[in-house]
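Novice:
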Amino acid sequence: MAASATVPVSLIPVASAACPDAEVVFARGRLEPPGVGAIGDALVNALRSKTARSVGVYGVNYVADLDAAEGARDIGAHIRSMARDCPNTRMVVGGYSLGATAADLFARANSLPPDINRHVAAIVLFGNGTRRLGPAPAYADRTIDQCADGDPICGRGLNWDSHLQPSYLGSGLIDQAAGIVAGKL
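Under the numbering used here, the first residue of the sequence shown is numbered 1, with each subsequent residue one higher.
Written as structure tokens, this is what we have:
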């Protein structure tokens, strides 16, 4: 009888694939421990199941408490570094809750020069508090902004439980987003 184990993608070192075909740069939600969090893990796993390309992962380095700007800066710095070190890697920027705000702030700053901006294949947001502003113009054609039914942070709902991870993990929204992203790689 063989045993199998599931390893969260946040524990897999990026160095295991020096220059992947694609890399998910994901900002976890508020107060989650460092890594990409449960939503980021689910997105990476879903994306890997939908593409034959190698998919690396980078957990945005920020405190994930109240300030999303620190995360936005780290996203930009990491993309610049990857564009230099892995020029053929396509980047997928994403985030959940406060992390979605960090990813959205990165996109709205539009601080990447065109030769680096072209590396960003998609921006994937879950429970994005800035959703009402619409997608950042520079990335409008590459943005997937998912909001669970009833989520008051990104939608017009009144059910605070709808913003919590189980509403996203069990809704099909992550799988749907991964399918769209796979088509953009």
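Every residue, glycine too, gets a C-beta built ideally from N, C-alpha and C. Computed from a prediction, not measured in an experiment: that's the story for all the values here.
1) Counting pairs of beta carbons, one from the stretch 32–49 and one from the stretch 71–80, are three or more of them closer than 8 Å?
2) Starting from VAL181, trace the beta strand (DSSP E) both ways and give me its first and last residue.
3) At the level of alpha carbons, what is the spacing between SER162 and ALA52?
4) Roughly how many whole angstroms lie between the Cα atoms of ARG131 and VAL124?
5) Where do the ends of the beta strand (DSSP E) carrying ASP145 lie?
6) Does the count of Cβ pairs from the stretch 17–37 and the stretch 63–70 closer than 8 Å reach three?
7) So what does MET91 bridge to, in DSSP terms?
8) In its own chain, which residues sit with a C-beta less than 6 Å from the C-beta of SER171, not counting the 5 before and 5 after it?
9) Along the beta strand (DSSP E) that carries VAL55, what are the first and last residues, could you check?
10) Candidates TYR168, ASP141 and GLY155: which alpha carbon is nearest VAL181's?
Specialist: Taking the structure as given:
1) no
2) On the sequence shown, residue 181 is found 181 positions in, with the first residue counted as 1. Run containing VAL181: none in the beta strand (DSSP E); it sits in the alpha helix (DSSP H), 173–184.
3) As a working mapping, residue 162 is identified with position 162 in the sequence shown. As a working mapping, residue 52 is identified with position 52 in the sequence shown. Taking the straight line from one Cα to the other gives about 33 Å.
4) As a first step, residue 131 must be located in the sequence shown, where it is residue number 131. As a first step, residue 124 must be located in the sequence shown, where it is residue number 124. Rounded to whole angstroms, ARG131 to VAL124 spans 12 Å at the Cα level.
5) What you label residue 145 is simply residue 145 of the sequence shown in a count that begins at 1. Per DSSP, ASP145 belongs to the beta strand (DSSP E) from 143–146.
6) yes
7) Taking the sequence shown and counting its residues from 1, the one referred to as residue 91 is at position 91. Answer is GLU23 and VAL120.
8) By one-based count along the sequence shown, residue 171 stands at place 171. Within the same chain, SER171 has close Cβ partners ALA148.
9) Locating residue 55 in the sequence shown gives position 55, where the first residue counts as 1. Start and end: 55–59.
10) What you label residue 181 is simply residue 181 of the sequence shown in a count that begins at 1. Of the listed residues, the one whose Cα sits closest to VAL181 is ASP141.
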